[in-house]
């Protein structure tokens, strides 16, 4: 391991503080394990009452050690931590792993203790893992400071908020065989080192092919997103986010705020950064294994080769459930498969060999070659009973099958396409399947697992293509007129911009806002109608004291002609004055009624964990009933925006459902990008709601805009 | 086995036709296996060229046997089948299992051969399993006619269209331990016995607790639904329906027809009959096992007891994903758990014991008692590492853990509530978990599997409550006026009723249809407006030759006043005449414009597999974009209808979203029930579309109705 970030995780010297002669204590177990595993470095037991532990000379204090230490493994009680860390500093410790509980997770006194200890650590440049961690494991350095036994060595690095989840993953890897771990880090309270730093650390660890995170909650979510966007283009990253069902309570002062809660937001933002988000605990290791083994596909169409109609169909079902589509085979492939397989075989994808492999399992390789050579096939899945022919029929098949495995592995390399195998016989670990696992080909018992892996491989390939385009350069320049609008509201102690102000701000950035007229008296009706020249109008009160305009009677719709506008003015002002006698009325805004089209919602919040986030949804039931909205961290690039539109379940409505023409998608994309730019340019904008925006076949109409600013340059 | 239906599946005498001395032949393997397994009955090898096979006297023909046979196991080539069956009849065979392929699955000559053979079988009362089956297995009679080895004996009965799927299930059961099979039947081509008959057979089989079906396609789907509705109240039935992704092509002449395709329809109808539909192949056996072991819950709220915060949270996530909710614990339970557990424990469901079990695994039982005694907890799930304490800590825990298992089993019996355990240690099959499996408690490795089982237990309990209410009695009486309308259309060779006819038919059954006026000339405008007395009207052409009224210019909406109606008539008739000069015009129907409300769609089709099916959907995007519709087989009872409404994703809109009052749900329920009645009373009605129906806060308006009848008393 050559990680520059945390070299103390590959230490040459470890001080075990709280070393013990009692085999039930972690301070004994750690030393015993290091000795047993032939740890390649110096171990210093630290215990003020013992001269010697497990044959090693023990020291009363860290400061009594004969030399410096890289890493302190601290097993002493919570209250001792400040003193121990100060003592470690004298020997230039660069890192500490702190097991004790009783810190910030245990109420106020613990919080104070944690803060005190961390201040000392920071002062001396000691990075702390934990407290309240169950430890750290580095398989490639034979450093097992966690007490897990029976962990297979491999290339998956686990960072977890639960030690028992690692225990489950280790047990699963043991059962599967041929998959294992490079490292495990229990993050504990994350009082110092946090998830994003572990991610950067593992990104530099050559022993780790796939970092896997079990996350109950992010503290610095934005930092994780930024780190992930750097790492995922070259190394796959897997996250299982638990606690999805707790209804994450966040700011609900805006419509966007009320929708921007919970797992969907986290999932969208992680995926934006190229992270593979796994939602089922039984698929974490399989997905990590698939990502570790295989090349990424160059397309998304799957070929399925089965030696059982049943398993082929089940695989097709599972792939469809995972959002994948089967490849349509080229004529040449169909012809070649026909020449290989008997007439009873089904050559339509999924391919059913119809018993052709029963006499010669080598037929799998011939069929695999034909399918992999097909340009329409980006991924090959072999489903059914491969690997079990010797067990099913005759032991003499074993050599043929192993040969076939080698041939399939070679084909996967030649064509540089992912090949996955699902076999009923995997639990028996027969030689042909073990042979596949030596190469790049993962083997799964269940169709559903294989299908999830296929879907995530495709997703990562797509994310990399998107990330490769880099963050989009802000096209807009900060406009002094916009800054002045915000400053004016702040000066007046207002958080919500008046709607004419919001519109002016958007217009300053070239966002298309329909012209409006601000009436100051009913006498302005003539001028309003003349200047706007529309068949009918929407009228809205403009007042810093009226937040909910409709409820206050401050809105009139479909108003026609000068007379209508005059009466509309009087009606609105009359109602508002009677209900809110103190309200400052800036006037009544008149704008042309929008043409019909598809209503959408665009919103921005500043999430406490992830920072500025843009939301998109289609109005009506999609947002109101189905909560069908998508999120992206700002800044977004064009691909992000296209994906966030396509992700909405009802996005087909944008293509012209219900007798309407297709909407102007390009204009929508430009609008979302411009909003992202505006938020980047104005850190003071806390929330923004464009709700609704009506999309037309050409352009859009922003019907209502609402911008909330911090009282003083917030965020 | 005492099944009256197919006693030949527990035969006393078996003739193996095509018996062989070649160990690679099924005619050898079957006899060898029967002998090896100590089959308790007579085995007659039948082979014209061998005097003796495997030590048994062989006979040249079945008719040469010394006595009658119960079952003929036929391994001879396809072409021999008619003669063999005729020969079997002479010895009064009651059943035959036919292995050979080359029948209806193999094109026209095979189809003819199959028909010929089946005619002979029917004539002689021989029931046939297959052809093209891989055989039958009866574990409790030691009758293995399928060649699968290593099958665990148990209470799950599998009926499958794929032999290899059974192979996968058998392998899974072997791995799990403590779960096994009563029987396996490969259905082959189902030329004679079909799925519903196997279901009735297994319902009578005392050795089978849970019949499991792997179905690629139903032939007599309605018969299966009827059988299932009889069986599921007393025996759980599981179906995995494969080939879900093929877009089942059905009649698409109606809007309903175009939506009524594929897996969703099948799934809805199976569930209506109480069938448990499993969608993931890796959950089939687990769900069957859970159903076989446990009592059904009396409610749907789950208590989760975990010895790891991570696993508790993962279980909560998985339960939520499966549509389940966690129980809110009563104050007494919280107090009791507080007295048992340390202060660090989380007493909010999911319960995290926070290490309390590390020193005494018996704490699991005390907590389980508290949770099971809570009325708010209908189901208990124990998650994490139970069963692994001896392995994790000290072997001396083993006895405590086994005792705890016994205590938990006893508690489950005492409180008669389902208890499920998820344990990381299950693959090691430790004694405490094996002890649980001796009782009624299933153990799973994965949270997702346990959560699916919980959801399906709840679903079955709910289905039983619904089915217990019995089929609803038809409340309506056949109306001669309705029959006359249909007969009139049939006499005139029309399939589509004219809209006034459709309305009259519905009115005859007390269905609320808005009054209308049929104008014969523009002179009728006065009378129409006078008689309908509404502020505005919808006008539609009535012509047997105009099917698509809007496209033909045959519709005018929001028409006002006598003058408007007169002009509307002229405009409609003018447009239709100019485009369809030959069209017979019966007049123009005028009806009041409907009040606003929530648009829904009610449709009926006669599905070729499942018979009459009613569909419900909410108009707009739910149907058009999301295809969010629900199906039920007719007849429906009130609970069916309530469930089919609640099943729609957007059903919240009925409760008064977007500022509207809640709709009149009772009126909607009555309408759906009345439609079901009408379809039962009139077998001639092939399709019915009420689209849209607008639901109001009181009552509804059927805006458009379309009824298609068979040319002559079809169906």
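Protein chains in written order, with the working numbering: chain A, 8 to 722; chain B, 8 to 722.
For each residue, glycine too, the CB sits at the ideal point set by N, CA and C.
Span separating the alpha-carbon of residue i from that of residue j
i: residue 607/A; j: residue 542/A; result: 24 Å
i: residue 628/A; j: residue 664/B; result: 9 Å
i: residue 433/A; j: residue 173/B; result: 16 Å
i: residue 213/A; j: residue 162/A; result: 9 Å
i: residue 251/B; j: residue 278/B; result: 16 Å
i: residue 697/B; j: residue 609/B; result: 5 Å
i: residue 245/B; j: residue 623/A; result: 41 Å
i: residue 218/B; j: residue 164/B; result: 5 Å
i: residue 255/A; j: residue 295/A; result: With a pLDDT of only 35 at residue 255/A, under the threshold of 50, the placement of this residue in the model should not be trusted, and no figure is reported.
i: residue 76/B; j: residue 226/B; result: 30 Å
i: residue 709/A; j: residue 702/A; result: 9 Å
i: residue 199/A; j: residue 114/A; result: 18 Å
i: residue 391/A; j: residue 333/A; result: 17 Å
Segment limits, alpha helix (DSSP H) that includes residue i
i: residue 472/A; result: 454-475
i: residue 756/B; result: The structure shown does not extend to residue 756/B, since chain B is modelled only from 8 to 722, so the question has no answer here.
i: residue 575/A; result: 568-586
i: residue 161/A; result: From DSSP, residue 161/A is part of no alpha helix (DSSP H) but of the beta strand (DSSP E) over 160-167.
Min CB distance residue i to chain A below 7 Å
i: residue 141/B; result: no
i: residue 169/B; result: yes
i: residue 251/B; result: yes
i: residue 434/B; result: yes
i: residue 177/B; result: no
i: residue 295/B; result: no
i: residue 15/B; result: no
Residue span of the beta strand (DSSP E) that contains residue i, given as start and end
i: residue 613/A; result: 605-614
i: residue 106/A; result: Premise fails: residue 106/A is in no beta strand (DSSP E) and is neither H nor E.
i: residue 326/B; result: It is not in any beta strand (DSSP E) - residue 326/B instead sits in the alpha helix (DSSP H) that spans 316-328.
i: residue 707/B; result: 707-709
i: residue 20/A; result: 20-24
i: residue 40/B; result: Unbroken run through residue 40/B is the alpha helix (DSSP H), 33-43; no beta strand (DSSP E).
Nonlocal neighbours in the same chain, by C-beta distance under 6 Å from residue i, ignoring five residues either side
i: residue 508/B; result: 492
i: residue 49/B; result: 20
i: residue 394/B; result: 430, 432, 437, 439, 440
C-beta neighbour in chain B for residue i, strict 7 Å
i: residue 324/A; result: yes
i: residue 287/A; result: yes
i: residue 182/A; result: yes
i: residue 655/A; result: no
i: residue 676/A; result: no
i: residue 659/A; result: yes
i: residue 321/A; result: yes
i: residue 455/A; result: yes
i: residue 713/A; result: no
i: residue 318/A; result: yes
Neighbourhood of residue i by C-beta distance below 7 Å, restricted to the same chain and skipping five residues each side
i: residue 789/A; result: Only positions 8 to 722 of chain A appear in the structure, and residue 789/A is not among them; the question remains open.
i: residue 280/B; result: 232, 235, 236, 239
i: residue 649/B; result: 676
Minimum Cβ-Cβ distance from residue i to chain C less than 7 Å
i: residue 689/A; result: Annotation note: the requested chain C is absent from the structure, which comprises protein chains A and B.
Residue(s) in a DSSP beta bridge with residue i
i: residue 64/A; result: 59/A
8 Å CB neighbourhood of residue i in its chain, flanking five on each side removed
i: residue 481/B; result: 642, 684, 687, 688
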